[in-house]
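Read top to bottom, the protein sequences are chains A and B. Start counting the first sequence at 763; every next residue gets the next number (this note's numbering). Start counting the second sequence at 92; every next residue gets the next number (this note's numbering). The beta carbon of each residue, even a glycine, is placed where N, CA and C say it ideally should be. Okay, structure first, notes after.
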Amino acid sequence: GEDVEQSLFLSVREGDSSVINCTYTDSSSTYLYWYKQEPGAGLQLLTYIFSNMDMKQDQRLTVLLNKKDKHLSLRIADTQTGDSAIYFCAESRDTGRRALTFGSGTRLQVQP
Amino acid sequence: DGGITQSPKYLFRKEGQNVTLSCEQNLNHDAMYWYRQDPGQGLRLIYYSQIVNDFQKGDIAEGYSVSREKKESFPLTVTSAQKNPTAFYLCASSLGTGKEKLFFGSGTQLSVL
């Protein structure tokens, strides 16, 4: 199965909060990342959290990490139409392969 | 401006042909990566390189080859052995060993004629 899992689609209304969820399986993950991809473009790093943290806030973005359940979430406050994109979570492991493992991505659609 | 440049933006391959995708970075990063993106499947790692003249296979290396002769450049060749090459290819770089933040290029869409 997938190492990193995400739901495929989320639709919200402009101004509401969006919550995108991610589960991972490797307990040795050290950093967990959220990336944003707009159509036909590369990925842009939004934020990241170290595995010994529970929460990180950066302006409209809040990352929550439940290490016991291996669950990561990204909350976007006051969601705007410009937030419509695909959001990927990714994990970096402390052992083995030195490259990020990505989830399948969640497509966020913001309705005006 | 510092960044990663991928070229071309669109590429077409004929049956039995090898094609090479270019990736250049001027960020002075040691590590570089190639990912393949298919719709609904996220990103899968093809090859990565932590340092010049060294590279490792990722999850889906079969049918692909790379070289890392210069720090700035990490070209990817899609060989005729890759039977399903149509995908969006993304190159990335980072300062170090994969724990670092990845910076991505704008991608190359490869299609088969």
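Using C-beta distances below 6 Å, list every residue in its chain close to residue i, excluding the 5 sequence neighbours before and after it, in chain order.
i, result
"F771 of chain A", "R869"
"L882 of chain A", "With chain A running from 763 to 874 in the structure shown, residue 882 of chain A is simply not present."
"F146 of chain B", "Y138, S140, V157 and R159"
Cutting at 7 Å between CB atoms, please list the residues of its own chain near residue i, excluding the five before and the five after it.
i, result
"P874 of chain A", "E776 and T843"
"D778 of chain A", "T841"
"G763 of chain A", "Confidence at G763 of chain A is low in this model, with a pLDDT of 39, below 50, so the placement of that residue should be treated as unreliable; the coordinate-derived value is given next. Result list for G763 of chain A: empty, nothing under 7 Å."
"P142 of chain B", "First, the amino acid is wrong: residue 142 of chain B is Ile here, not Pro. Closer than 7 Å at the Cβ level, and outside the excluded window around I142 of chain B, lie D121."
"I838 of chain A", "S779, S780, R822, L823 and D845"
Hey, out of the options, whose CA is closest to residue i's CA?
i, options, result
"P130 of chain B", "B:Y180, B:F146, B:Q173 and B:L186", "B:Y180"
"Y211 of chain B", "A:V872, A:M817, A:A861 and A:A852", "Only positions 92 to 204 of chain B appear in this structure, which leaves residue 211 of chain B out of reach."
"V872 of chain A", "A:S780, A:K829 and A:I811", "A:S780"
"G94 of chain B", "B:E106, B:Q116 and B:F103", "B:Q116"
"L201 of chain B", "B:V143, B:L193, B:N175 and B:G187", "B:N175"
"I151 of chain B", "B:S164, B:L112 and B:V169", "B:V169"
Please go through the same chain and pick out, in chain order, the residues whose beta-carbon is closer than 8 Å to the beta-carbon of residue i, but skip the five residues on each side of it.
i, result
"R855 of chain A", "D788, S790, S791, T792 and T863"
"Y155 of chain B", "W125, I137, Y138, L167, T168, V169, T170 and Q173"
Does the distance from the CB of residue i to the CB of residue j come in under 8 Å?
i, j, result
"T49 of chain B", "Q108 of chain B", "Residue numbering for chain B in the displayed model covers 92 to 204; residue 49 of chain B lies beyond these limits and cannot be assessed."
"S197 of chain B", "A122 of chain B", "no"
"L100 of chain B", "L204 of chain B", "Checking the displayed sequence, the identity of residue 100 of chain B turns out to be Lys instead of Leu. Taking 8 Å as the Cβ cut-off, K100 of chain B and L204 of chain B do not qualify as a contacting pair."
"L836 of chain A", "F195 of chain B", "no"
"R127 of chain B", "A183 of chain B", "no"
Just confirm the distance between the C-beta atoms of residue i and residue j, as a whole number of angstroms; I'd bet it's less than 8 Å.
i, j, result
"G133 of chain B", "G865 of chain A", "6 Å"
Inset, instruction - Could you name the residues of the region 794 to 809 of chain A whose beta carbon sits closer than 9 Å to any beta carbon of chain B, in the order they occur along the chain? - result: Per Cβ criterion, the list reads Y795, Y797, Q799, G802, A803, G804, L805, Q806 and L807.
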